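Engineer: Right, I'll just put the structure down here and ask away after.
Numbering (my numbering), first residue to last: 31 to 523.
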């Protein structure tokens with residue numbers, strides 16, 4: 031499936047303040063009567079984390095940078111510290127491939143007119159087309175996009191659709207966009223897929239930024255219950271406490287946004303960019319998060335019961351204490367995510383990636399489905415995995431000491447190098463499992479099935495459930511038992 035998430039498709043321009051610039055900003059903050067950075071962030075509808083990054087000399091998005099400087103009555107170019115002879119070219123992130131050029135700024139002067147932002151790598155600009163008609167009648171925007179490409183060039187893409195007649199936000203090469211403008215203004219193109227063309231304009235950076243923050247203020251003040259906000263740019267916004275229930279936020283950019291205590295019940299967040307978003311105490315009951323990008327998101331203690339997170343990217347997310355009972359995490363990427371103390375009962379995990387994830391004391395009882403899950407080096411110390419379905423799971427190097435694995439299905443699981451010290455494996459199904467190099471010291475193996483398991487260099491000691499006959503068989507298969515000095519069979523197991 032094509033990934034059209036804006037967060038994954040295009041990186042936004044970011045810049046960093048200079049040390050001298052931050053000195054000016056700190057003084058301006060005091061001069062204007064803001065008694066804290068938190069209050070300042072709130073007054074500008076900017077997320078607290080974005081303001082913190084600005085004052086800590088970390089890169090933030092250009093539109094957020096300008097908004098902060100404008101609120102502090104400062105020239106943003108002076109705060110970023112661009113040299114006089116380089117004022118027309120903006121220094122960007124360390125990744126030179128995402129560098130951009132701001133055109134239309136005279137050297138040594140503040141820009142007095144709107145400027146067009148052009149991506150130097152892809153050389154694209156943006157335009158807006160207004161069509162006459164009902165947005166609900168647009169069944170497949172791809173057909174309109176194909177029509178635009180046929181008229182004016184393959185580089186043109188629809189990146190946003192807004193109500194109010196039908197407003198299409200386009201992106202394409204300067205040549206293709208200018209060709210389209212010329213065709214519409216000359217009357218050569220009068221309709222698209224049956225919708226009459228009312229207007230077209232090339233979007234300028236300043237008007238685009240103003241439009242974004244007006245929308246943010248509107249949502250923060252009045253909510254957006256059931257509103258169509260697909261593709262909307264709400265990145266770095268403070269939308270804490272906002273009511274976004276049942277809103278269509280598919281493919282919206284909410285990266286770095288503060289959504290703490292927001293009501294997102296039933297919201298459509300399919301393909302949404304929620305990278306580093308703060309979702310603390312947000313209501314995500316019945317929200318649709320299929321294919322959402324939640325990398326590094328703060329979801330501590332959040333109620334995600336029955337939420338569809340299949341194919342979502344939750345790598346490095348903070349999910350400590352989250353309530354994920356019955357959630358669908360099939361094919362989700364939870365690499366290096368922290369799921370400590372999370373309630374994961376009845377969660378569906380098929381083919382989920384949990385490499386390096388922290389699942390300390392996580393609650394996975396009542397048949398957690400982890401068939402084929404990737405749990406390489408995952409921390410599952412003291413985790414409750416009683417009756418869990420782990421057949422074929424990749425648990426290489428996993429920390430499972432003290433874990434409750436009673437009755438767990440581990441047939442065919444890869445447990446090479448896993449730490450199973452003190453684990454409770456009573457009645458566990460380990461037939462065909464790969465336990466080479468695993469540490470099973472003090473593990474309870476009463477009624478555990480180790481038939482056809484690979485046990486070469488697996489370490490056993492003080493195990494309940496292993497009689498002398500089983501011990502001899504395991505030694506023949508390469509297992510290591512810690513015996514009393516000089517007597518390989520004297521130790522009671």
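Note that CB positions come from ideal geometry on N, CA and C, so glycine has one too.
Remember, it's a predicted structure, so these values are computed and weren't measured experimentally.
Tell me which residue opens and which closes the beta strand (DSSP E) that residue 378 is part of.
Structural biologist: Per DSSP, residue 378 belongs to no beta strand (DSSP E) and is neither H nor E.
Engineer: For the alpha helix (DSSP H) holding residue 255, just list the boundary residues, first then last.
Structural biologist: Where residue 255 is concerned, there is no enclosing alpha helix (DSSP H), given that its DSSP letter is neither H nor E.
Engineer: Out of curiosity, what's the CA-to-CA distance linking residue 463 and residue 360?
Structural biologist: Each residue's alpha carbon lies about 22 angstroms from the other.
Engineer: First and last residue of the alpha helix (DSSP H) that includes residue 51?
Structural biologist: Its alpha helix (DSSP H) spans residues 49-61.
Engineer: Assuming residue 109 is part of the alpha helix (DSSP H), what are its boundary residues?
Structural biologist: Counting along the chain, the alpha helix (DSSP H) containing residue 109 begins and ends at 106-110.
Engineer: If contact is defined by three or more beta carbon pairs under 8 angstroms, each pair taking one atom from either stretch, is the segment 212-223 in contact with the segment 40-59?
Structural biologist: With the cut-off at 8 angstroms, the segment 40-59 and the segment 212-223 do not touch.
Engineer: Below 8 angstroms on the Cβ atoms is my contact criterion, and I expect residue 340 with residue 362 to pass it. Report the Cβ-Cβ distance as a whole number of Å.
Structural biologist: Contact holds; Cβ gap of about 6 angstroms.
Engineer: Buried or exposed: which applies to residue 130, given that a residue is buried once 16 or more other Cβ atoms fall within 10 Å of its Cβ?
Structural biologist: With a pLDDT of 38 at residue 130, under the threshold of 50, the modelled position of that residue is not reliable, and the figure given next carries that caveat. Buried, by the Cβ-count rule.
Engineer: Apply the 10 Å Cβ neighbour rule to residue 220 and answer buried if 16 or more other Cβ atoms are within range, or exposed otherwise.
Structural biologist: Label assigned to residue 220: exposed.
Engineer: Say whether the segment 270-280 touches the segment 197-204, bearing in mind that this needs 3 or more beta-carbon pairs closer than 8 angstroms, one atom from each stretch.
Structural biologist: They do not touch, by the three-pair rule.
Engineer: Provide the residue span of the alpha helix (DSSP H) that contains residue 171, from first to last.
Structural biologist: Taken as a continuous stretch (DSSP letters only), the alpha helix (DSSP H) holding residue 171 covers 171-182.
Engineer: Locate the alpha helix (DSSP H) running through residue 469, then write down its first and last residues.
Structural biologist: Here residue 469 belongs to no alpha helix (DSSP H); instead the beta strand (DSSP E) covers 469-471.
Engineer: What residue range is occupied by the uninterrupted alpha helix (DSSP H) comprising residue 210?
Structural biologist: Where residue 210 is concerned, the enclosing alpha helix (DSSP H) stretches over 204-215.
Engineer: Where are the beta strand (DSSP E) runs, 3 residues long or more, that stay fully inside the segment 454-492, in chain order?
Structural biologist: Fully enclosed beta strand (DSSP E) runs of 3 or longer: 469-471 and 489-491.
Engineer: In this structure, how does DSSP classify residue 357 when only helix, strand and coil are distinguished?
Structural biologist: Residue 357 falls in the coil class under three-state DSSP.
Engineer: Quick one: residues in its chain with C-beta nearer than 8 angstroms to the C-beta of residue 342, no 5 flanking neighbours on either side, listed in chain order?
Structural biologist: Answer for residue 342: 319, 320, 321, 322, 323, 324, 359, 362 and 363, listed in chain order.
Engineer: Is it buried or exposed, residue 330, if we count other Cβ atoms within 10 angstroms and call 16 or more buried?
Structural biologist: So residue 330 counts as buried.
Engineer: Do residue 476 and residue 494 have their C-beta atoms closer together than 9 angstroms?
Structural biologist: It is a contact, given that the beta carbons lie within the stated cut-off.
Engineer: What number of angstroms, rounded off, separates the C-alpha of residue 344 from the C-alpha of residue 454?
Structural biologist: Each residue's Cα considered, the two are about 29 angstroms apart.
Engineer: Which of the three DSSP states, helix, strand or coil, is assigned to residue 98?
Structural biologist: Correct three-state label for residue 98: helix.
Engineer: Which class does residue 505 belong to by DSSP, given the choice of helix, strand or coil?
Structural biologist: If DSSP states are grouped into helix, strand and coil, residue 505 belongs with the helices.
Engineer: Could you spell out the range, first to last residue, of the beta strand (DSSP E) harbouring residue 156?
Structural biologist: Per DSSP, residue 156 belongs to the beta strand (DSSP E) from 155-161.
Engineer: How many whole angstroms separate the CB atoms of residue 77 and residue 268, which I take to be in contact at a CB cut-off of 8 angstroms?
Structural biologist: Confirmed, about 5 angstroms.
Engineer: Just reading off the alpha helix (DSSP H) that residue 70 is part of, what are its end residues?
Structural biologist: From DSSP, the alpha helix (DSSP H) with residue 70 extends over 67-73.
Engineer: Pick out whichever of 108, 293, 179 and 300 has its Cα sitting closest to the Cα of residue 310.
Structural biologist: Nearest option by C-alpha distance: 293.
Engineer: Quick one: what's residue 45 bridged to in DSSP?
Structural biologist: Its beta-bridge partners are 90.
Engineer: Can you name the start and end residues of the alpha helix (DSSP H) that residue 225 belongs to?
Structural biologist: Note, residue 225: premise wrong, no alpha helix (DSSP H); beta strand (DSSP E) at 225-232.
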